[in-house]
Every structure is written in C-alpha cells, then in structure tokens.
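The opening position of the first sequence corresponds to residue 1 in UniProt numbering, with each subsequent residue numbered one higher. What follows is a single structure, written as structure tokens, with notes after it.
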Amino acid sequence: MRVEGTHTKIASDLLAHYDVHARRLPWRAPPGSNAADPYRVWLSEVMLQQTTVAAVIPYFHAFTDRWPTVDALAGAQDADVMAAWAGLGYYARARNLLACARAVAGDLGGAFPASEERLRALPGIGDYTAAAVAAIAFGQRAVVVDANVERVVARLFAIETPLPAARPEIRAAADRITPDSRAGDFAQAMMDLGATICTPRNPACGICPLRDDCAAFRTADPAAFPVRLAKKAKPHRTGHGWWMERADGHVWLVRRPGKGLLGGMRALPSSDWSAAPDPAPPLEARWTTLADPVAHVFTHFSLSLTIHVAHLPPDVTPPGEGEWWPLERLEEAGFPTLFRRAAQAAMKESRYHA
DNA sequence: AACCCGTGGAA
DNA sequence: TTTCCAAGGGT
C-alpha cells in the first residue's frame, strides 16, 4: 500500500521546475492545453524506445504527415511502413507498430484503451510504454520507469544495488515519489531531468531542482549511480554480400525473414554471419571483390561484410525470391544502415548508373 | 532469466 | 579511437 504524502516535496519541486523548463517536443501538447493525442503519444513512445529524441524527431514528422491517425497507419502496406522506419533501428518495433495499429483500428474501433493493463496487452507495448501512454495520454496515475527514471531515482536514494538487480527497488522508490495528479507531467519531467540535468556523465547538479533532496549529491561522486555490472565484450563476425547488377540498371534485392536481425527489411543477398569461411555465391559469374569490407556494429556483435560484385547479362536472374530494383531509386529501397552503406560502396563499382 | 535486437551522438 | 548508452520489448 502506497503511503500518501511521503515524498510529495520531490514531485512538487520537480513539477514547478517542469512548468518553466519543459522541453517543447513535437508529440507534446502545448503547455496548458490538455489535448494529448493518444496516437501521437503512443507513436512517439514506441519510436523513443532505446532511441534518442534527436533521432526520433524527423521520423515522427514523416510518420504523422503520412499517416495522421491510427486508422491511416493500420491501412498502410507493410513494405511502406518498414521502408519508412529504415535507419531508426530495432525493426521489430515497426512490425509490432503495425500489428498494434491494426488491433486498435480493427478490434477497438480506433480508440486506444486508457488503462495500463489493456495497453500492456497490445503488441510492442511493455511495462514502460503502457505506463507512459496511460499517464501522458489519459492522465492516469502510473509509475513510469525508463532509463532516465532509473538513473534519477538511483541517485535520489543513492541505491547501491547494481542494475539490473536493482530494478524492483528502483520501481518501488519511483512509486513512492509519483504524485496522484499530473502523473504524466511528472513522468515527462523526470525524463527531461535525466536527459538535460541528471545526465549519465557530468550531471549538472548545480542547477538541479532536486539537489536538496538527492542522497547522491551528498556523496563524493553522484555520477557513480546507478551502479552497473560490467558488460561482456562484443564478438566479431564476418560475412559476404553480393551485388548483382544488370545491364538495364537494376540490382537484385531480397527481403530478410520476418524475425531476427533486420527482420522484414529489404537487403542485399548475403551469407549468414556465423562461421562459414567461404560461402558460395548465388550464381556463377565473373565476380570481383571490393577492397574494403563494410564494417558495422550491432548491439551484441560487430560485423565485417565483404562485398562481391558481378555484372550480369539481361536474361539472367538469380535463384530464389527477390526483385530487380532500379539503381536510380536505391534511396527508396528502405535499407537498414548496413545495406545502405554496402550499396554505397558497391555503387562505386557500378557500370550502369549515370 | 538471459539473450536477442540498431543506430548514431557525445565524450 | 574507443566506450557508453538512449522515453525497451519479445522470447
């Protein structure tokens, strides 16, 4: 049972600061207007999962311009949404985004549910996003815990337990300081504080509205919180990709399987990136190899992709599923970053592009 | 529970 | 240059 009024000073100090210093962001209703659109709140929250505000802003505008409502998004083609998401990363989010939009538009009559529990049941909405949408879009009291809140709370209470084991302790502390009213503003205020003042390194304690309430501020090194366990080293992998270009100015592209790494995204044909030392190319041809492999770093491994180039006669088509894509429209293919860079490298060897 | 899943900016 | 890590979710 939550005890009323235990830490109301923290919430009131923070909200007073937020009323003056809140960041103006495209998905935020202007100050004073209580008109948060659940569609825009949900879309922004999904885009912001593990992704910086600066990276999200252009994608948010592109999506809301093209699909202004959840019904419009639900009616979009899968390939269009995946291509529009290209470059933002974590592509399972885009697949779940569409599944969620279609569930809301179809089963729920176009209205997002207002309760945390029913939001949590939708695809791509976990504990954090359910709480954030319930609080920000619907004014419900919900305990919103993201990486910013974890950091701020760990510092406020100088929590010594290392992450991720500290999660229950941090959530309980966040619950204690979450107010009954303005929970959405409180959540956004905590995240603004974490993004602009209570930053991971070199926090600006001198201008922090919660300095007097902060146990970490009274220690020698506030930035030492939250404590984290050492992380494992990233393994390195190698792979091969094939650029097959036809004399009429087209290149052979494939779509990756719906699950797993870069799932559902358009791509160059490539080997798996495990151990196979010398995989066979898709077809017999006069292959040349680019001098510099494309280097790319994923979340849990780094990759060096060697690109092989062949120029094919117009009557040859590689085996398996794929499509001939016009070289002058390569930007519209919706490549994830690895293949966008691989295509850029291969285009230097292109014979058929103006 | 531990692992998988992208990208790019900051220091 | 390398390292860190961001409005996490799914399995």
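For every residue, glycine included, the Cβ atom is placed at its ideal position computed from N, Cα and C.
Item to check | Counterpart residues of Ser-304 in DSSP-defined beta bridges | outcome: Paired residues: Thr-238 and Ala-295.
Checklist entry - For Pro-203, which of Gln-188, Asp-221 and Ala-189 has the nearest alpha-carbon? => result With respect to the C-alpha of Pro-203, the residue from Gln-188, Asp-221 and Ala-189 having the closest C-alpha is Asp-221.
Checklist entry - According to DSSP, is Ala-346 helix, strand or coil? => result The answer is helix: DSSP assigns Ala-346 an H, G or I state.
Checklist entry - For Arg-95, which of Ser-44, Pro-113, Gly-334 and Pro-123 has the nearest alpha-carbon? => result Cα-wise, what sits closest to Arg-95 is Pro-123.
Checklist entry - Which runs of the alpha helix (DSSP H) spanning at least 4 residues fall entirely within the stretch 53-97, listed in chain order? => result Here the runs fully enclosed are 53-66, 70-74 and 78-85.
Checklist entry - According to DSSP, what are the bridge partners of Thr-289? => result In DSSP, Thr-289 forms a bridge with His-308.
Item to check | Local conformation of Met-265 per DSSP, three classes | outcome: The three-state secondary structure of Met-265, taken from DSSP, is coil.
Checklist entry - In its own chain, which residues sit with a C-beta less than 7 Å from the C-beta of Lys-234, not counting the 5 before and 5 after it? => result Within the same chain, Cβ atoms closer than 7 Å to the Cβ of Lys-234 are found at His-300, Phe-301 and Ser-302, the five residues on either side in sequence being excluded.
Next on the checklist: Applying the 10 Å Cβ sphere with the 16-neighbour rule, what's the burial state of Arg-24?
Outcome noted: The residue is exposed, with fewer than 16 neighbouring Cβ atoms inside 10 Å.
Next on the checklist: Quick check: Pro-179 and Asp-13, are their CB atoms within less than 8 Å of each other?
Outcome noted: No; because the gap between Cβ atoms is not below 8 Å, this pair is not in contact.
Checklist entry - Would a C-beta distance cut-off of 8 Å place His-61 and Pro-30 closer than the cut-off? => result No; because the gap between Cβ atoms is not below 8 Å, this pair is not in contact.
Checklist entry - What three-state label does DSSP hand Pro-222 in the structure shown? => result Pro-222: helix per DSSP, three-state reduction.
Checklist entry - Using a Cβ-Cβ cut-off of 7 Å (strictly less than) and excluding sequence neighbours within five positions of Ala-174, which residues of its own chain qualify? => result Taken in chain order, the residues that qualify are Val-143, Val-145, Val-149 and Val-153.
Checklist entry - Using the beta-carbon count (16 or more within 10 Å), is Thr-288 buried or exposed? => result It is exposed - the Cβ of Thr-288 has fewer than 16 other Cβ atoms within 10 Å.
Checklist entry - With 16 other CB atoms within 10 Å as the buried threshold, where does Leu-43 fall? => result Under this definition Leu-43 is a buried residue.
Next on the checklist: Less than 7 Å between C-beta atoms, sequence neighbours within five positions excluded: which residues of the same chain meet that for Val-254?
Outcome noted: Excluding positions up to five away in sequence, the list reads Ala-267, Pro-269, Glu-321 and Gly-322.
Checklist entry - Going by DSSP, which residues form a beta bridge with Pro-326? => result According to DSSP, Pro-326 bridges with His-250.
Checklist entry - Is the closest heavy atom of the ligand NAD to the C-beta of Asp-65 under 7 Å? => result Among the ligands in the structure shown, none appear at all, so the ligand NAD cannot be discussed.
Item to check | Alpha-carbon spacing of Glu-332 relative to Asp-80, whole angstroms | outcome: One Cα belongs to Glu-332, the other to Asp-80, and the distance between them is close to 10 Å.
Checklist entry - Name the DSSP beta bridge partners of Met-244, please? => result The bridge partners DSSP lists for Met-244 are Ala-310.
Item to check | Rounded separation between Gly-106 and Val-297 - CA only | outcome: Spanning the two alpha carbons is a distance of roughly 38 Å.
Checklist entry - Should Met-1 be labelled buried (16 or more other beta-carbon atoms within 10 Å of its own) or exposed? => result In this predicted model, Met-1 has a pLDDT of only 44, less than 50, meaning its place in the structure is not dependable; the value taken from the coordinates is given anyway. In this structure Met-1 is exposed. Its beta-carbon is surrounded by fewer than 16 other beta-carbon atoms within 10 angstroms.
Item to check | Within the stretch 5-50, ranges of the alpha helix (DSSP H) (whole runs, at least 4 residues) | outcome: For the stretch 5-50, whole alpha helix (DSSP H) runs of length 4 or above, ordered along the chain, are 8-21 and 38-47.
Item to check | Exposed unless 16 or more other CB atoms sit within 10 angstroms - verdict on His-236 | outcome: With fewer than 16 Cβ atoms within 10 Å of its Cβ, His-236 is classed as exposed.
Checklist entry - Along the chain, where does the alpha helix (DSSP H) that runs through Ile-197 open and close? => result Counting along the chain, Ile-197 sits inside no alpha helix (DSSP H), nor does DSSP assign it H or E at all.
Checklist entry - Per DSSP, what kind of secondary structure is Arg-155 in: helix, strand or coil? => result Of the three classes helix, strand and coil, the one that applies to Arg-155 here is helix, per DSSP.
Item to check | Cβ contact (3+ pairs, closer than 8 Å) linking the stretch 241-252 and the stretch 325-342 | outcome: Yes: the two stretches touch, three or more of their Cβ pairs being nearer than 8 Å.
Checklist entry - For Pro-279, which of Trp-242, Ala-74, Arg-120 and Arg-256 has the nearest alpha-carbon? => result Looking at the Cα atoms, Trp-242 is the closest of the given residues.
Checklist entry - alpha helix (DSSP H) containing Arg-182: first to last residue? => result Per DSSP, Arg-182 belongs to no alpha helix (DSSP H) and is neither H nor E.
Next on the checklist: Using CA atoms only, rank isn't needed, just tell me which of Lys-231, Arg-228 and Pro-293 is closest to His-240.
Outcome noted: With distances taken between Cα atoms, His-240 lies closest to Pro-293.
Item to check | Leu-163, DSSP secondary structure in three states | outcome: Residue state, collapsed to three classes: strand.
Item to check | Beta-ladder partner(s) of Ser-115, from DSSP | outcome: Note: Ser-115 sits in no beta bridge, so no partner.
Item to check | Contacting residues, own chain, Cβ-Cβ under 6 Å from Gly-258 (five flanking each side not counted) | outcome: Correct list, in chain order: Gly-264.
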